[in-house]
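Step one of this worksheet: look at the structure below.
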Amino acid sequence: MTKYRNRREAGQILGVHLEKELRKKELTKPLVLGLPRGGVPVAFEVAAVLRCALDVIVTRKLGVPGHAELACGAIGPEGVEILDQRLVSECGITDKQISDIVARESVELTRRQELYRTGLGPLNLSGRDVILVDDGIATGAT
Numbered sequence: 007m008t009k010y011r012n013r014r015e016a017g018q019i020l021g022v023h024l025e026k027e028l029r030k031k032e033l034t035k036p037l038v039l040g041l042p043r044g045g046v047p048v049a050f051e052v053a054a055v056l057r058c059a060l061d062v063i064v065t066r067k068l069g070v071p072g073h074a075e076l077a078c079g080a081i082g083p084e085g086v087e088i089l090d091q092r093l094v095s096e097c098g099i100t101d102k103q104i105s106d107i108v109a110r111e112s113v114e115l116t117r118r119q120e121l122y123r124t125g126l127g128p129l130n131l132s133g134r135d136v137i138l139v140d141d142g143i144a145t146g147a148t
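Shown next, in the form of structure tokens:
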């Protein structure tokens with residue numbers, strides 16, 4: 007695994023790599039979305055290199071009961087809910103458990119949206135070429 011001095015350096019390097027790749031594509035309205043907290047400084051640098059818009063999207067991982075670090079899904083703005091049905095089934099997670107997890111994480115999602123998106127308009131992705139940036143990956147579920 008490559009190590010970087012900090013998130014800014016990682017974003018600058020990622021931006022250069024993406025710039026080379028994206029030259030082959032015809033992106034009309036690129037938008038870099040950073041996932042708080044650590045993904046935002048990386049995304050800032052990527053957007054600067056690509057000379058495109060930057061915004062923030064807040065999501066919350068849905069952890070497996072008893073193994074909260076293992077994601078069985080995620081929730082996002084405007085009621086977006088994604089579940090890994092295979093994992094939910096394999097772990098025997100009930101609909102009630104999912105509902106409870108979603109309810110709990112929705113409260114935190116709302117709190118973080120207010121924290122990170124205050125003063126920003128609604129997130130409109132329609133017709134945009136989205137480049138989603140985080141500062142690491144474990145399961146890729148969020």
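Just so we're aligned, residue 7 is where the sequence shown starts under this note's numbering, counting upward by one.
Where a beta carbon is used, it is the ideal one built from N, C-alpha and C, also for glycine.
Since we're looking at a predicted model, the values are computed, not measured.
Could you give the DSSP three-state label for residue i: helix, strand or coil?
i           : result
residue 102 : helix
residue 87  : strand
residue 122 : helix
residue 132 : coil
residue 116 : helix
residue 110 : helix
Could you compute how far the alpha carbon of residue i sits from the alpha carbon of residue j?
i           : j           : result
residue 115 : residue 55  : 29 Å
residue 75  : residue 29  : 37 Å
residue 141 : residue 53  : 14 Å
residue 40  : residue 125 : 16 Å
residue 131 : residue 85  : 15 Å
residue 137 : residue 47  : 14 Å
residue 99  : residue 71  : 8 Å
residue 112 : residue 81  : 8 Å
residue 42  : residue 119 : 10 Å
residue 59  : residue 20  : 16 Å
residue 18  : residue 108 : 35 Å
residue 50  : residue 22  : 13 Å
Could you pull the start and end residues of the beta strand (DSSP E) that residue i belongs to?
i           : result
residue 135 : 135-139
Can you tell me whether residue i is buried or exposed, with buried defined as 16 or more other CB within 10 angstroms of its CB?
i           : result
residue 91  : exposed
residue 65  : buried
residue 27  : exposed
residue 13  : buried
residue 128 : exposed
Using only the heavy atoms of the ligand ATP, determine whether one of them is closer than 7 Å to the beta carbon of residue i.
i          : result
residue 34 : Among the components of this structure there are no ligands whatsoever, and the ligand ATP is therefore not found.
Let me know the beta strand (DSSP E) ranges lying completely inside the segment 14-83, each 3 residues or longer, listed in chain order. 36-40, 59-62, 66-70, 73-81
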